[in-house]
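Residue numbers (the numbering used here), protein chains in the order written: chain W, 1 to 259; chain S, 1 to 151.
Worksheet for the structure shown next.
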């Protein structure tokens, strides 16, 4: 990554003005992914001074500032208390603590990374993204849009729910990118998510429809999941293998959330 | 850009480029205990403490540590020496390239969790690679250092 200048902004207005000033100006979250690329950045815009490192209980939902680190998210008692701590569990499997102390929640979500464990587990919940200056959209909606929204991601809101939850990350070695990640939550309704396929995580609507209309044969649900999921090949594995994994882990996940 | 930060208890001022990483800055001012390994956030040998938390210095822009506290293994010498003894007893060293980072991680672990189980030690250190030892001897050494019986 090349960058000509860096500004730690003191206000939202300043950040937004800089962002709009040039397409080569970029917001920096944790900066881990930005470092790996060949981006030619004019000005790096750092939001660290904008009080975005809070995780707060807002009644019906938990609000997470976009500069909260993955490690802070993982260790938060509010997050641990949500649906048998599935978000903490998923995040704790990402690299080591020194990595997670650098990576931010906002950076992970905004980047729409296909391999993201965090996006996969968040899709198991109803999640809203708040952008500056004035846009709110669901995580699902954001992921479905092509490209990136040109506002500044300020907060992520997770609607509280009392659900049983399952998360599985499949990777060749523990520090590798996952070749698949699966999240299943069962509250009032089932939510079934598959990510790292290698595309970004998605909800399996047909599988969810089957389950939420009373379908109780988990083998059949897993078969529907493997049929509807769109997978591809990557350097680590074939799409065909990913489908087999979906079959196995959707069934196991459903058993787990019904224990 | 002029960046001021606290390094191992001393105030430092360095002139850096906007895209300079802390690892390169530290090594350029003579702190060679911080090693460059993968330089891609994957191996952990560049670990330092930033405001008491372990971070990967290869992935932190130096401009972002302005006003913060950075510690390398030099700031925990006594502790590192004791850990080193345990490593020696268990044959947990070969090239030693990863040792400083391991010492900082063990220091951070001890602060967060003074009495970790073997599994917790393993989890905490999983982002730190060692090409020589196969980890078993390190695990034993760290358990011995932390004074715990195997749980």
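All residues carry an ideal CB built from backbone N, CA and C; glycine is no exception.
Alpha-carbon spacing of residue i relative to residue j, whole angstroms
i	j	result
residue 162 (chain W)	residue 138 (chain W)	20 Å
residue 217 (chain S)	residue 144 (chain S)	Since the first and last residues shown for chain S are 1 and 151, residue 217 (chain S) lies out of range.
residue 210 (chain W)	residue 186 (chain W)	13 Å
residue 217 (chain W)	residue 125 (chain S)	41 Å
residue 15 (chain S)	residue 167 (chain W)	45 Å
residue 226 (chain W)	residue 18 (chain W)	45 Å
residue 39 (chain W)	residue 192 (chain W)	35 Å
residue 53 (chain S)	residue 255 (chain W)	38 Å
residue 46 (chain S)	residue 189 (chain W)	45 Å
residue 203 (chain W)	residue 80 (chain S)	48 Å
residue 112 (chain W)	residue 241 (chain W)	23 Å
residue 150 (chain S)	residue 135 (chain S)	Reliability fails at residue 150 (chain S), whose pLDDT of 44 lies under 50, so the model's placement of it is uncertain and the value that follows must be treated cautiously. About 15 Å.
residue 7 (chain S)	residue 86 (chain S)	27 Å
residue 99 (chain W)	residue 197 (chain W)	23 Å
residue 248 (chain W)	residue 35 (chain W)	36 Å
residue 215 (chain W)	residue 182 (chain W)	20 Å
residue 84 (chain W)	residue 77 (chain W)	11 Å
residue 55 (chain S)	residue 71 (chain S)	10 Å
residue 34 (chain S)	residue 57 (chain S)	8 Å
residue 133 (chain S)	residue 175 (chain W)	18 Å
residue 81 (chain W)	residue 94 (chain S)	43 Å
residue 199 (chain W)	residue 156 (chain W)	22 Å
residue 43 (chain S)	residue 37 (chain S)	7 Å
Three-state secondary structure assigned by DSSP to residue i
i	result
residue 36 (chain W)	helix
residue 21 (chain S)	strand
residue 67 (chain S)	coil
residue 97 (chain W)	helix
residue 192 (chain W)	strand
residue 175 (chain W)	coil
residue 13 (chain W)	helix
residue 223 (chain W)	helix
residue 183 (chain W)	strand
residue 126 (chain W)	coil
residue 87 (chain W)	helix
residue 165 (chain W)	strand
residue 202 (chain W)	strand
residue 31 (chain S)	coil
Nearest candidate by alpha-carbon position, reference residue i, set the options
i	options	result
residue 180 (chain W)	W:116, W:38, W:69	W:116
residue 74 (chain W)	W:28, W:254, W:122	W:122
residue 49 (chain W)	W:5, W:154, W:182	W:154
residue 16 (chain W)	W:170, W:99, W:150, W:250	W:150
residue 231 (chain W)	W:220, W:221, W:219, W:246	W:246
residue 27 (chain W)	W:135, W:205, W:7	W:7
residue 274 (chain W)	W:4, W:80, W:64, W:62	Since the first residue shown for chain W is 1 and the last is 259, residue 274 (chain W) is missing from the structure and cannot be characterised.
residue 177 (chain W)	W:142, W:235, W:152, W:147	W:235
residue 142 (chain S)	S:61, S:121, S:76	S:121
residue 1 (chain W)	W:13, W:25, W:10, W:12	W:25
residue 172 (chain W)	W:238, W:124, W:158	W:238
residue 17 (chain S)	W:43, W:104, W:223, W:68	W:43
residue 208 (chain W)	W:199, W:195, W:184	W:184
residue 79 (chain W)	W:67, W:56, W:259, W:135	W:56
residue 102 (chain W)	W:32, W:222, W:92	W:32
residue 243 (chain W)	W:170, W:258, W:212	W:170
Boundaries (first-last residue) of the beta strand (DSSP E) holding residue i
i	result
residue 62 (chain W)	61–65
residue 6 (chain S)	2–7
residue 119 (chain W)	It is not in any beta strand (DSSP E) - residue 119 (chain W) instead sits in the alpha helix (DSSP H) that spans 117–122.
residue 47 (chain S)	47–50
residue 6 (chain W)	2–8
residue 113 (chain W)	Here residue 113 (chain W) belongs to no beta strand (DSSP E), and DSSP marks it neither H nor E.
residue 13 (chain S)	10–15
residue 55 (chain S)	53–56
residue 159 (chain W)	152–159
residue 28 (chain W)	26–28
residue 55 (chain W)	55–57
Residue range of the unbroken alpha helix (DSSP H) whose run includes residue i
i	result
residue 94 (chain S)	No alpha helix (DSSP H) holds residue 94 (chain S); DSSP gives it neither H nor E.
residue 121 (chain S)	118–124
residue 212 (chain W)	205–212
residue 74 (chain S)	Unbroken run through residue 74 (chain S): none, as it is neither H nor E.
residue 138 (chain W)	Note, residue 138 (chain W): premise wrong, no alpha helix (DSSP H); beta strand (DSSP E) at 135–138.
residue 143 (chain S)	136–146
residue 149 (chain W)	Counting along the chain, residue 149 (chain W) falls outside any alpha helix (DSSP H), and DSSP gives it neither H nor E.
residue 79 (chain W)	77–80
residue 250 (chain W)	239–257
Mind listing which residues of the stretch 125–141 of chain S have their C-beta closer than 9 Å to chain W's C-betas, in chain order? 125, 126, 127, 128, 129
Chain S contacts from the stretch 80–114 of chain W (Cβ-Cβ distance under 8 Å): 92, 95, 96, 97, 98, 99, 101, 102
For the stretch 23–41 of chain W, which residues have a CB atom closer than 7 Å to at least one CB atom of chain S, in sequence order? 31, 32, 35, 36
Which residues, taken in chain order from the stretch 54–85 of chain S, show a beta carbon closer than 7 Å to some beta carbon of chain W? 54, 55, 56, 59, 60, 61, 63, 64
Using a beta-carbon distance cut-off of less than 8 Å, what residues from the stretch 39–52 of chain S approach chain W? 40, 41, 42, 44, 47, 50
For the stretch 9–21 of chain S, which residues have a beta carbon sitting closer than 7 Å to at least one beta carbon of chain W? 18, 19
To be precise: take each residue of the stretch 214–228 of chain W, compare its Cβ to all Cβ atoms of chain S, and keep it if any distance is under 8 Å. Which residues remain? none
Identify each residue in the stretch 162–180 of chain W for which the Cβ-Cβ distance to at least one residue of chain S is less than 9 Å, and report them in chain order. So the list reads 174, 175, given in the order they occur along the chain.
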